[in-house]
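The working numbering numbers the first residue of the sequence shown as 57 and each following residue consecutively. Just so it is clear, CB atoms sit at the ideal spot from N, CA and C, and this is done for glycine as well. Since this is a predicted model, take the numbers as computed values, not measurements. Here is the structure we will look at, set down as structure tokens.
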Amino acid sequence: MKVVITGGAGFVGTNLSRHLLAHGHDIKILDDLSSGLASNVPDGAQFIEGSIVDAQLVKKTISGADAVVHLGARGSVPRSIKNPIATHEVNATGTLNVLEGARAANAHYLFSSSSSVYGGNMALPKNEEMVLKPLTPYAASKMAGEALSLAYAKSYEMPVTTFRFFNIFGPWQRPDHAYAAVIPKWIWQAMEKQEIIVHGDGEQTRDFTSAATAVAVITSALENKITHPEPVNLAFGNRISLNEILLDLKVFFPDMKIKHIETRTGDVKDSQNQPTLIKSLFPDVKPQSFKDALVETKNWLAENSSKILNGPAATD
Ligand SMILES: NC(=O)c1ccc[n+]([C@@H]2O[C@H](COP(=O)([O-])OP(=O)(O)OC[C@H]3O[C@@H](n4cnc5c(N)ncnc54)[C@H](O)[C@@H]3O)[C@@H](O)[C@H]2O)c1
57 MKVVITGGAG
67 FVGTNLSRHL
77 LAHGHDIKIL
87 DDLSSGLASN
97 VPDGAQFIEG
107 SIVDAQLVKK
117 TISGADAVVH
127 LGARGSVPRS
137 IKNPIATHEV
147 NATGTLNVLE
157 GARAANAHYL
167 FSSSSSVYGG
177 NMALPKNEEM
187 VLKPLTPYAA
197 SKMAGEALSL
207 AYAKSYEMPV
217 TTFRFFNIFG
227 PWQRPDHAYA
237 AVIPKWIWQA
247 MEKQEIIVHG
257 DGEQTRDFTS
267 AATAVAVITS
277 ALENKITHPE
287 PVNLAFGNRI
297 SLNEILLDLK
307 VFFPDMKIKH
317 IETRTGDVKD
327 SQNQPTLIKS
337 LFPDVKPQSF
347 KDALVETKNW
357 LAENSSKILN
367 GPAATD
């Protein structure tokens with residue numbers, strides 16, 4: 057299968073492209089390297105450096121593809137609060153460009169939305185029927201992206217799969233940039249014997265999914281052409297607090313020091329999915345356990361962190 061991956065030089069994209077190549081697929085990556093790394097593009101994948109904001113380039117890149125996995129985005133909440141126009145341009149208008157490319161190529165289109173679209177809707181666990189209340193420009197831009205994706209499915213009878221990723225973590229996730237995700241950041245800070253910074257009291261909870269599990273779901277959607285007329289929450293119902301992660305890490309790093317600072321604007325307190333839909337659409341995917349994935353991430357960073365350190369600052 058010929059698969060285009062936008063944002064394929066990023067964390068999820070590199071995990072996915074490596075897996076799909078190993079499964080014999082033909083991979084083309086479109087990435088502007090604004091937060092991803094050229095060295096993340098695996099041997100055997102074709103790489104085009106450019107932006108999804110460039111509609112002509114997007115169309116040309118997708119032409120002839122069987123499927124497009126659209127991961128390219130400005131992926132940080134604080135960055136979107138700082139620069140909402142740029143976030144909208146990439147995450148909403150860029151998504152429209154990718155949809156147009158997929159429509160012209162008659163390709164299966166898979167989108168990566170975010171659980172942040174639930175925002176101010178505090179009800180738990182989350183399901184796909186709930187009212188969305190985005191609290192940040194990032195969440196609003198992802199909501200626009202998923203609305204466009206579903207509208208294209210209906211208006212043009214396009215095969216579309218719209219995932220809402222929750223918190224994905226694993227190998228290849230950058231630990232050292234300003235908006236790094238907690239798990240790689242804390243592992244790396246502990247490895248470097250730096251103080252671990254916790255925003256708030258650490259009682260926040262998240263539904264963490266390993267990169268391997270997310271990749272298994274996306275691969276199954278591609279290979280079995282699984283589409284759905286509504287968004288699909290990609291998370292399996294874990295509810296793990298940041299303090300639990302700190303306890304797990306203490307086993308490996310008994311001397312680690314923790315410092316609590318103020319909570320971050322736009323951060324929600326709790327997140328957990330009701331995984332009924334994802335389990336019914338992907339019954340064969342057995343999610344990796346949180347602890348196994350945490351150990352895998354720690355071991356990967358211990359051996360490979362030099363591959364992903366000092367990437368683009370991505371703070372504009
Ligand atoms: N990782 C998570 O937990 C999580 C959670 C919710 C949603 N998501 C979404 O999943 C997708 C992948 O996330 P990730 O964690 O791999 O992030 P990432 O930042 O590692 O990857 C995103 C990639 O998109 C590229 N990109 C940014 N702007 C671009 C543009 N204009 N044109 C082309 N490429 C561009 C970046 O250079 C980067 O390589 C993103 O859309 C993100 O919003 C991720």
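Residue i and residue j closer than 9 Å at C-beta
i, j, result
"aspartate 88", "glycine 64", "no"
"aspartate 391", "lysine 347", "In the structure as shown, the chain begins at 57 and stops at 372. Residue 391 is therefore absent and cannot be evaluated."
"valine 68", "isoleucine 85", "no"
"alanine 349", "phenylalanine 308", "no"
"alanine 369", "alanine 234", "yes"
Span of the alpha helix (DSSP H) around residue i
i, result
"tyrosine 194", "193-212"
"isoleucine 243", "238-247"
Secondary structure of residue i, DSSP reduced to three states
i, result
"histidine 75", "helix"
"serine 90", "coil"
"valine 60", "strand"
"lysine 315", "strand"
"alanine 291", "coil"
"phenylalanine 221", "strand"
"glutamine 112", "helix"
"phenylalanine 338", "coil"
"serine 132", "coil"
"isoleucine 137", "helix"
Nearest to residue i (by Cα), restricted to the options the options
i, options, result
"glutamate 300", "Ser276, Phe67, Asn329 and Arg262", "Arg262"
"glutamate 185", "Tyr174, Thr319, Ala234 and Pro343", "Tyr174"
"alanine 268", "Ala160, Phe225, Phe338 and Asp232", "Phe225"
"valine 97", "Trp228, Lys335, Gln344 and Asn366", "Trp228"
"aspartate 232", "Val324, Leu357, Ser170 and Gly80", "Leu357"
"serine 107", "Asp99, Lys116 and Gly100", "Lys116"
"asparagine 294", "Ser276, Pro343 and Gly120", "Pro343"
"tyrosine 165", "Asn366, Leu302 and Thr275", "Thr275"
"methionine 214", "Ala123, Ser136, Ile253 and Ala200", "Ala123"
Enclosing beta strand (DSSP E) for residue i [first to last residue]
i, result
"leucine 278", "Unbroken run through leucine 278 is the alpha helix (DSSP H), 267-279; no beta strand (DSSP E)."
"isoleucine 253", "252-255"
"glutamate 105", "102-105"
Please determine if the region 211-224 and the region 286-299 are in contact, where contact requires at least 3 C-beta pairs separated by less than 8 Å. yes
Can we say the region 137-156 touches the region 67-83, given the rule of at least three CB pairs closer than 8 Å? no
I want to know whether the region 238-245 touches the region 271-286 - three or more CB-CB distances under 8 Å. no
Any 3 or more C-beta pairs closer than 8 Å across the region 314-334 and the region 176-183: yes
Contact between the region 334-342 and the region 187-206 (3+ Cβ pairs under 8 Å): no
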